[in-house]
Each structure stands twice: as C-alpha cells, then as structure tokens.
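A.B. asks: Heads up: the protein sequence lines correspond to chains Y and P, in order.
Letter by letter, the first sequence follows residues 1 to 113 of this note's numbering.
Letter by letter, the second sequence follows residues 114 to 224 of this note's numbering.
All residues carry an ideal CB built from backbone N, CA and C; glycine is no exception.
Since this is a predicted model, take the numbers as computed values, not measurements.
Have a look at this one.
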Amino acid sequence: DGGITQSPKYLFRKEGQNVTLSCEQNLNHDAMYWYRQDPGQGLRLIYYSQIVNDFQKGDIAEGYSVSREKKESFPLTVTSAQKNPTAFYLCASSLGASGTEAFFGQGTRLTVV
Amino acid sequence: GEDVEQSLFLSVREGDSSVINCTYTDSSSTYLYWYKQEPGAGLQLLTYIFSNMDMKQDQRLTVLLNKKDKHLSLRIADTQTGDSAIYFCAEKAGGYQKVTFGTGTKLQVIP
C-alpha cells in the first residue's frame, strides 16, 4: 500500500547526542515536510523540501538538519544544539504546488533525558 | 506572517452537533483544510475548501468559509464518540507550498 512511514515510533536519547528520525514515502510525492508538535502550539514547520537535493528552512529550523538525496526519503537530524528537543515529530508529503492534500506519517515521539 | 487560531477545547454530548471555529490572517490563502488527529497518531485530512467557495458539505461534515472575516468553521452533525480527537485548521497560499496549522481544538464527546 502507498503511504508515508516514520520510524521509530518512540525514541529515547541522552542529552547532547544527535539523533536521526526516518521518513520514507512511496507516493511519488515531490514535496516533503517535517513538523514539530508541542501541546497547545499546533504544528510548527521545521524544514521542507520541494524537490530532490533541495530543502528550505521552516519556522523553527535551528538545531535541526535534513537531507533529501532520494525522492522517497527525508531524514531529520535533531542535533545537540536544539535546546528543547523532546516533542512529537511529524513528517508529511504532498504532490507539490498542485497538490491539495498533505499525507502524514504516524509520528515519532522523541524523549531526551 | 500567517497566523491561524483556534480555541483549544470543545465538549459536546453524543448526538449533538459540534462546531469548531478557526480564524486566519493570510488574505492570500487559497486552500483551507480541516485535519483530524487521533491520540498518538499523525494527521488525517477530513476535508478542504477552496477560497472561492462559501460552503462545502461531505456527509456529516459541513465547512463554512467567511472570507471577508477570514473565519472558517467545521460542523460535525450527529457527533459520535469516535469523533473525539484533535481537529486542526490549516491554510495554504496559492503556489507556495507551506501549510500553516492552527493550535488544534480537542473535541471531547460525552456519551
């Protein structure tokens, strides 16, 4: 079945360590996105990519990095520079500027201790 | 920049109608969306409306758009316990792919 997959569902890391969250889609979508969700704050855009080998900063990119080497994959690295990394992270994809719907993964809950 | 606002919480009795409201600031919004998020899961698109429409109905869901006031609402008829979730309003300006989400409204359905 076509869809967007995030892994792992739960992730625990020690403070000061970098961690990479996986996002894969087989929908043949051009655009992919990473959002962070905190209680009472909705979804905030971290990074997005409209095409392979290109990505743009969102509203809260500091302390995060991404790559887009393949159309299907858009991994997010949470670096030690991110001051408050514990959150629920959501990946999404869409057809692109002509697409009306963003499809979301099931999310990764990252806890930094 | 863009801003989308929603009330945080709504409680209704099973069988009643629910109305979730949203206001946005970007006058160039082309698409307006309603997403549903169940606990611990991603977001699922419920419905969307183009900015040149006033209303869209899809089974139990009715979306009303007042473009002058930049106000969007989602009405759920005959609300069921399975409708309990967080509902996000979102908007997207034409051509630019960034989607701005509201804070989400947690709908609690009381049996």
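Let's test the definition: count the other Cβ atoms within 10 Å of the Cβ of A81/Y and tell me whether it reaches 16, buried, or not, exposed.
C.D. replies: exposed
A.B. asks: With 8 Å as the threshold, decide whether the Cβ of T136/P is near any Cβ in chain Y.
C.D. replies: Not closer than 8 Å to any Cβ of chain Y, the Cβ of T136/P fails to qualify, so no.
A.B. asks: Please state whether DSSP places D54/Y in a helix, a strand or coil.
C.D. replies: strand
A.B. asks: Out of G40/Y, K71/Y, F88/Y, S22/Y, point me to the one whose CA is closest to T77/Y's CA.
C.D. replies: Among G40/Y, K71/Y, F88/Y, S22/Y, the Cα nearest to that of T77/Y is on S22/Y.
A.B. asks: Could you tell me which whole beta strand (DSSP E) segments of length 3 or greater appear in the stretch 173 to 218 of chain P?
C.D. replies: Fully enclosed beta strand (DSSP E) runs of 3 or longer: 174 to 179, 184 to 189, 198 to 206, 212 to 214.
A.B. asks: For a contact meaning CB atoms closer than 7 Å, what does L45/Y contact in chain C?
C.D. replies: Structure shown: chain C not included; protein chains present are Y and P.
A.B. asks: What are the boundary residues of the beta strand (DSSP E) that D171/P is part of?
C.D. replies: 168 to 171
A.B. asks: If you drop the 5 nearest sequence neighbours on each side, which residues of the same chain put their C-beta closer than 6 Å to that of L145/P?
C.D. replies: Closer than 6 Å at Cβ, skipping near neighbours: I162, L185, E204.
A.B. asks: Do the stretch 118 to 136 of chain P and the stretch 26 to 35 of chain Y make contact, defined as three or more Cβ pairs closer than 8 Å?
C.D. replies: no
A.B. asks: Classify F201/P as buried or exposed, calling it buried when 16 or more other Cβ atoms lie within 10 Å of its own Cβ.
C.D. replies: buried
A.B. asks: Using 8 Å for Cβ pairs, my map puts I87/Y next to R36/Y. What's the rounded Cβ distance?
C.D. replies: First, the residue type needs correcting, since residue 87/Y is Ala and not Ile in the sequence shown. At roughly 5 Å, the Cβ-Cβ gap stays under 8 Å, so A87/Y and R36/Y are in contact.
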